[in-house]
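Visitor:
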Amino acid sequence: MTDAPRRRFDTRDIARIAVFAALIAALGLIAPIPVPGLVPITAQTLGIILAGMVLGAWRGAAAVLVFELLVLVGLPLLAGGHGGAASFVGVTAGYLIGWIPGAFVTGLIAHSGRGRIAAWRVALGGLVGGVLVVYACGIPVQAAVTGLPLGAAALTSLAFVPGDLIKITVATIITLALWRAYPPVFGTRRHRHAEEPATAQPVTR
Amino acid sequence: MIALHVPGDSVLHRAPAGIKLLALFVLALAVSLYPHDLPSLGAAVGVVVALHLAALLPPTTLPKQLWQTKWIVVVMVATQLAFLTPWDALVNTVRVVSIVLLAGLLTLTTRSEDLLEALETGLRPLTRIGVDPRRVGLTLSLAIAMLPVVAGIAARVRDTERARGVRLGPRLVVPVLVLALRHADDVADALTARGVD
Chain A
27 MTDAPRRRFD
37 TRDIARIAVF
47 AALIAALGLI
57 APIPVPGLVP
67 ITAQTLGIIL
77 AGMVLGAWRG
87 AAAVLVFELL
97 VLVGLPLLAG
107 GHGGAASFVG
117 VTAGYLIGWI
127 PGAFVTGLIA
137 HSGRGRIAAW
147 RVALGGLVGG
157 VLVVYACGIP
167 VQAAVTGLPL
177 GAAALTSLAF
187 VPGDLIKITV
197 ATIITLALWR
207 AYPPVFGTRR
217 HRHAEEPATA
227 QPVTR
Chain B
422 MIALHVPGDS
432 VLHRAPAGIK
442 LLALFVLALA
452 VSLYPHDLPS
462 LGAAVGVVVA
472 LHLAALLPPT
482 TLPKQLWQTK
492 WIVVVMVATQ
502 LAFLTPWDAL
512 VNTVRVVSIV
522 LLAGLLTLTT
532 RSEDLLEALE
542 TGLRPLTRIG
552 VDPRRVGLTL
562 SLAIAMLPVV
572 AGIAARVRDT
582 ERARGVRLGP
592 RLVVPVLVLA
602 LRHADDVADA
612 LTARGVD
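Order-wise, the sequence lines are chains A and B.
Residue numbers for the first sequence follow this note's numbering, so the first one is 27 and each next one is one higher.
Residue numbers for the second sequence follow this note's numbering, so the first one is 422 and each next one is one higher.
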């Protein structure tokens, strides 16, 4: 139901991918919300999850890839003004790489409803793509880089889970609101939702 | 373009971006995989310092770069001492910090434009599996152009909501998303009108 794998991105797709990459960067500008006793929550990963939820698997993953290429070539777009190739060789490298398949899987599940966006699918997509897939990529790399046993690395990343759950909730609320406000962006064809008002009915709660 | 690049005229500044990217990759792999002892660890640190000197950067650059790795050091040492021997913790930390510093040096001595161009060149072999390097380049430069636009939209929405006395929260993101994605559609129309397909 999402954009087909072999299909080339048209100009509209390219513009949306570029804008979403810039949105992920803009979300990194928001000051981290400190959580007492836990790791501060940054809004950047919210952008990663949103990319998958809104743009779907292929375009969402492409937006994250574009964002990360800009970070790689030296733009300070990661939360806290970080950037450069150094971000891709440190402890967190696996998580950064994991954002790409993470957004893909999020989009795959969130857009699996044959043109309809339902809260439970969006939230499930965020949970599986934004948390499970990202951690599955991040924890082994973290363990390899730091030389920690896998279990210990997994333990240190548990601190991020509460923040991630909050972000999935927020991203789901935003996605459903956007589905009501501007449905065309969820499909690849230009006016699909406008032409078929029956399928444009938001399915919420 | 806002970037972490520091202009200069050293050998490292003048070397082609693609070569530097490859060299970083090879060096990072070598430092990661070599089973370290004290001399090899010293050599790794020596290479990092020597390359920074060769780049003829301001003398405060390396200490500043090192200071930026402080959280990596704190997190690594703290978690590793709990599970590994102090020697392993030292080796791992020095290893990771030196690779991060090398990658930082690439960013310091290379313009983003040059790296983007190197990436586009590197993608050329992928043409066979359907990747169009020019479209990738277009998407990347479009995204760079969108950065200030999206930041501007976000600032405008924030001011509007504040003036209305609306409580600022996650819902603020929705109007920003709508305006930004509408803008994307306008840009797409403009590109199509100019014959970019």
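Backbone N, C-alpha and C fix where the C-beta goes; we use that ideal spot for every residue, glycine too.
Note that the structure is predicted; figures quoted are calculated from it, not measured.
The alpha helix (DSSP H) spanning Leu-166 of chain A covers which residue range?
Guide: First, the amino acid is wrong: residue 166 of chain A is Pro here, not Leu. Element bounds for Pro-166 of chain A: 160 to 172.
Visitor: Using the Cβ count rule (16 or more neighbours within 10 Å means buried), how would you classify Val-171 of chain A?
Guide: Result: buried.
Visitor: Using a Cβ-Cβ distance under 8 Å, would Leu-122 of chain A count as near chain B?
Guide: Not an interface residue.
Visitor: If you run the structure through DSSP and keep just helix, strand and coil, what is Leu-104 of chain A?
Guide: Strand at Leu-104 of chain A.
Visitor: Considering only residues of the same chain and omitting the five flanking positions on each side of Pro-591 of chain B, which have a CB-CB separation below 8 Å?
Guide: Answer for Pro-591 of chain B: no residue qualifies.
Visitor: Relative to chain B, which residues along the stretch 169 to 190 of chain A have a C-beta separation below 7 Å, given in chain order?
Guide: Listed in sequence order: Val-171, Thr-172, Gly-173, Leu-174, Pro-175, Ala-178 and Thr-182.
Visitor: Since Pro-484 of chain B meets chain A, which of its residues come closer than 7 Å, beta carbon to beta carbon?
Guide: Here the premise fails: no neighbours, minimum Cβ distance about 16 Å.
Visitor: Given that Ser-533 of chain B touches chain A, what residues does it touch there, using C-beta distances under 7 Å?
Guide: Ordered by position in chain A, the residues that pass the 7 Å Cβ test against Ser-533 of chain B are Val-99, Gly-100 and Leu-101.
Visitor: How is Ala-51 of chain A classed by DSSP in three states: helix, strand or coil?
Guide: Note: Ala-51 of chain A maps to helix in three-state DSSP.
Visitor: Identify every run of the alpha helix (DSSP H) within the stretch 529 to 572 of chain B, keeping only runs that are complete inside it and at least 4 residues long; order them along the chain.
Guide: You should have 533 to 543.
Visitor: Helix, strand or coil for Leu-477 of chain B? Go by DSSP, reduced to three states.
Guide: The answer is coil: DSSP assigns Leu-477 of chain B none of H, G, I, E or B.
Visitor: Can you tell me which of the three DSSP states Val-115 of chain A falls into?
Guide: Coil, per DSSP.
Visitor: For Arg-592 of chain B, name the three-state secondary structure that DSSP assigns.
Guide: Three-state DSSP puts Arg-592 of chain B in a helix.
Visitor: Would you say Tyr-12 of chain A reaches chain B, if we count a Cβ-Cβ gap shorter than 8 Å as a contact?
Guide: Residue 12 of chain A cannot be examined here, being either before or after the span of chain A that is shown, 27 to 231.
Visitor: Within its chain, find whatever has a CB closer than 6 Å to the CB of Leu-600 of chain B; leave out the 5 residues flanking it on each side and keep chain order.
Guide: Within the same chain, Leu-600 of chain B has close Cβ partners Ile-574.
Visitor: Do Glu-541 of chain B and Pro-554 of chain B have their beta-carbon atoms positioned less than 8 Å apart in this structure?
Guide: Yes. Within cutoff.
Visitor: Quick check: the Cα distance between Ala-44 of chain A and Val-578 of chain B, rounded to an integer number of angstroms?
Guide: Rounded to whole angstroms, Ala-44 of chain A to Val-578 of chain B spans 20 Å at the Cα level.
Visitor: Taking 8 Å as the threshold (C-beta atoms), are Arg-38 of chain A and Asp-458 of chain B in contact?
Guide: Not in contact: Asp-458 of chain B and Arg-38 of chain A (Cβ atoms no closer than 8 Å).
Visitor: On a Cα-Cα basis, can you pick out the residue from B:Asn-513, B:Thr-482 and B:Leu-442 that is closest to Ser-453 of chain B?
Guide: Ser-453 of chain B has its Cα closest to that of B:Asn-513, out of B:Asn-513, B:Thr-482 and B:Leu-442.
Visitor: Report the neighbours of Gly-164 of chain A on chain B: residues whose CB is nearer than 7 Å to its CB, in chain order.
Guide: By Cβ distance, chain B contributes nothing, its closest Cβ being about 14 Å from Gly-164 of chain A, past 7 Å.
Visitor: Starting from Pro-591 of chain B, find everything on chain A with Cβ-Cβ shorter than 7 Å and list it in chain order.
Guide: Those within 7 Å of Pro-591 of chain B in chain A are Val-196, Ile-199 and Ile-200.
Visitor: Just verifying my parser: in three-state terms, what is the DSSP assignment at Ile-56 of chain A?
Guide: Coil at Ile-56 of chain A, not helix or strand.
Visitor: Just to check my reading of the structure: Phe-130 of chain A and Gly-164 of chain A have Cβ atoms closer than 8 Å, yes? What is that Cβ distance to the nearest angstrom?
Guide: Between Gly-164 of chain A and Phe-130 of chain A the Cβ distance is about 15 Å, and since that is not below 8 Å, they are no contact.
Visitor: Between Gln-70 of chain A and the ligand MG, is the CB less than 7 Å from at least one heavy atom?
Guide: The ligand MG is absent from the structure shown, which contains no ligand whatsoever.
Visitor: Nearest to Leu-474 of chain B by alpha carbon, out of B:Leu-433, B:Ala-503, B:Ala-611 and B:Ala-449?
Guide: When only C-alpha atoms are compared, the closest one is B:Leu-433.
Visitor: Could you spell out the range, first to last residue, of the alpha helix (DSSP H) harbouring Pro-269 of chain A?
Guide: In the structure as shown, chain A starts at 27 and stops at 231, and residue 269 of chain A therefore has no counterpart that could be examined.
Visitor: Would you say Leu-72 of chain A and Leu-53 of chain A are within 8 Å of each other, going by their C-beta atoms?
Guide: Contact: yes.
Visitor: Could you run through the stretch 30 to 52 of chain A and flag, in chain order, every residue whose CB is less than 9 Å away from some CB of chain B?
Guide: Cβ contacts with chain B come from Arg-32, Arg-34, Phe-35, Asp-36, Thr-37, Arg-38, Asp-39, Ile-40, Ala-41, Arg-42, Ile-43, Ala-44, Val-45, Phe-46, Ala-47, Ala-48, Leu-49, Ala-51 and Ala-52.
Visitor: Quick check on the burial criterion: 16 or more other C-beta atoms within 10 angstroms. Buried or exposed for Leu-440 of chain B?
Guide: Here the sequence assigns Ile to residue 440 of chain B, which means Leu is not the residue at that position. Exposed.
Visitor: What is the rounded straight-line gap between the Cα of Arg-603 of chain B and the Cα of Leu-181 of chain A?
Guide: Approximately 42 Å, taken between the alpha carbons.
Visitor: If we call anything under 8 Å between Cβ atoms a contact, is Thr-560 of chain B one with Val-92 of chain A?
Guide: In contact: Thr-560 of chain B and Val-92 of chain A (Cβ atoms closer than 8 Å).
Visitor: Classify Val-97 of chain A as buried or exposed, calling it buried when 16 or more other Cβ atoms lie within 10 Å of its own Cβ.
Guide: Label assigned to Val-97 of chain A: buried.
Visitor: Mapping DSSP to helix, strand and coil, what is Thr-613 of chain B?
Guide: Three-state result, Thr-613 of chain B: helix.
Visitor: Which two residues bound the contiguous alpha helix (DSSP H) that contains Pro-175 of chain A?
Guide: First-last for Pro-175 of chain A: undefined, no H or E at that position.
Visitor: Which value, in whole angstroms, describes the spacing of the CA atoms of Pro-175 of chain A and Ala-207 of chain A?
Guide: If I take the Cα positions, the gap works out to 47 Å.
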